[in-house]
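Residue numbers (this note's numbering): 609 to 897. Below is one structure, written out as structure tokens, with a few remarks after it.
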Amino acid sequence: MNLRSLLEEAQKNRKAIGHFNISDWILLKAVFASARELKVPVIVGASEGERAFLGVAQIAVLVKSLREEHDVPIFLNADHTHSLDSAIAAAKAGFDSIVFDLSALPFEENVKQTKQAVEVLKSINPMILVEGEIGNIGTGSEIHESMPELSKVLTAPEEAKQYVESTGVDILAPAVGNSHGMLQAMVQGDAKKRLDIKRIREIKSVSGSLLTLHGGSGTEDHDLLEAVAAGINIVHINTELRVAWRHGLEDAFAKQPREIVPYKLLPIAEESVKQVVLARLRLFNQVRG
Ligand code: G3H
Ligand code: ZN
Numbered sequence: 609m610n611l612r613s614l615l616e617e618a619q620k621n622r623k624a625i626g627h628f629n630i631s632d633w634i635l636l637k638a639v640f641a642s643a644r645e646l647k648v649p650v651i652v653g654a655s656e657g658e659r660a661f662l663g664v665a666q667i668a669v670l671v672k673s674l675r676e677e678h679d680v681p682i683f684l685n686a687d688h689t690h691s692l693d694s695a696i697a698a699a700k701a702g703f704d705s706i707v708f709d710l711s712a713l714p715f716e717e718n719v720k721q722t723k724q725a726v727e728v729l730k731s732i733n734p735m736i737l738v739e740g741e742i743g744n745i746g747t748g749s750e751i752h753e754s755m756p757e758l759s760k761v762l763t764a765p766e767e768a769k770q771y772v773e774s775t776g777v778d779i780l781a782p783a784v785g786n787s788h789g790m791l792q793a794m795v796q797g798d799a800k801k802r803l804d805i806k807r808i809r810e811i812k813s814v815s816g817s818l819l820t821l822h823g824g825s826g827t828e829d830h831d832l833l834e835a836v837a838a839g840i841n842i843v844h845i846n847t848e849l850r851v852a853w854r855h856g857l858e859d860a861f862a863k864q865p866r867e868i869v870p871y872k873l874l875p876i877a878e879e880s881v882k883q884v885v886l887a888r889l890r891l892f893n894q895v896r897g
């Protein structure tokens, strides 16, 4: 099954596909093992920074080998891609989708360049899905001192419709109260991000587009469920995985202070990430347990 059909099927069943960013093999193993255990599809994302570290061709080959060896629908997304050259490199390497992110540009310029990117990328691979972004959802899947004031830059439904129609993107990433990264209070579970569900519903109804929610880490579970019911098809999670990765490594070093064998230490980090991915996938796919 290709990614578009899976998204459409998930939409019918009021489920969303989980998208998890990775920057090493531990994260990829944890994401893949979770999807395999729950028997649900999953998207692995690598932003420009993550791709620079992993290698564009190398991560594409790794994901392809997992897809071919096991019966798990796993897809690869070139996340937050800011230049056409970098998008082309990912498309040529075999990525299934590209987030072409010119949201920092004025609306008209974003439309013009995204439309051009859609044409170029589809000429490389007609099946590739291109996602466009409008509005401000902050930057950086990191622990921030404070969150940006985003309420004034939420996506207007009419603007979403105009953007989707003018660019030809397959998927839209709107600004609906979501933002990248977490506060320390969110890491501790003392604060949560909240979403504008009514706005999601309006954007969906007016644009008719597949929708991605970025900045999923630290979001109230109930809001995520309502967002999916309102029309969100993909949810991106990154910071929560990075926190779990670091905590897992710290735990491994603390438990085995003299150990130097990577494959005896790293499974602890993998398990720590896996617990986060499992919880998120259960929520997005309404799997009990
Ligand atoms: O594209 C990546 C995501 O939007 C992740 O956001 O770090 O807040 O989960 P997050
Ligand atoms: Zn994002």
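Where a beta carbon is used, it is the ideal one built from N, C-alpha and C, also for glycine.
Check your understanding: Should Trp633 go down as buried or exposed, given a rule of 16 or more other Cβ atoms within 10 Å for buried?
Key -> exposed
Review point. If you check the beta carbons only, do Leu791 and Leu833 fall under 8 Å apart?
Key: no
Review point. Comparing alpha-carbon positions, which option in Ile876, Leu819, Ala887 lies nearest Gln619?
Key: Leu819
Check your understanding: Is it right to say Pro782 is buried, meaning 16 or more other beta carbons lie within 10 angstroms of its own, or is it exposed?
Key -> buried
Exercise for review: Taking only the alpha-carbon atoms, compute the straight-line gap between Leu780 and Asp709 and give it to the nearest angstrom.
Suggested key: 10 Å
Check your understanding: Which two residues bound the contiguous alpha helix (DSSP H) that contains Phe703?
Key -> Where Phe703 is concerned, there is no enclosing alpha helix (DSSP H), given that its DSSP letter is neither H nor E.
Point to revise | Check whether Ala764 and Arg809 have beta carbons under 8 Å apart | key: no
Check your understanding: CB of His788 to nearest heavy atom of ligand 2: below 7 Å?
Key -> yes
**Study point:** Contacts around Ile732, its chain only, beta-carbon distance under 8 Å, and the 5 residues preceding and following it disregarded
**Key:** Ile696, Ala699, Lys700
**Study point:** CA nearest to the CA of Glu766, picked from Gly776, Ser813, Lys730, Gln724
**Key:** Ser813
Review point. Between His627 and Glu656, is the Cβ-Cβ spacing less than 8 Å?
Key: no
**Study point:** Three-state secondary structure (DSSP) of Val728
**Key:** helix
**Study point:** Nearest neighbour of Glu773, chosen from Val784, Asn744, Val652, Glu739 [CA to CA]
**Key:** Glu739
Check your understanding: Within this structure, are the beta carbons of Gly789 and Ile845 separated by less than 8 Å?
Key -> no
Practice item. Locate the alpha helix (DSSP H) running through Asn893, then write down its first and last residues. Key: 870-893
Review point. Going by C-alpha distance, which of Leu615, Glu879, Ser880, Leu889 is nearest Arg737?
Key: Looking at the sequence provided, one finds Leu at residue 737 rather than Arg. Residue Leu615 is the option with its Cα nearest to Leu737.
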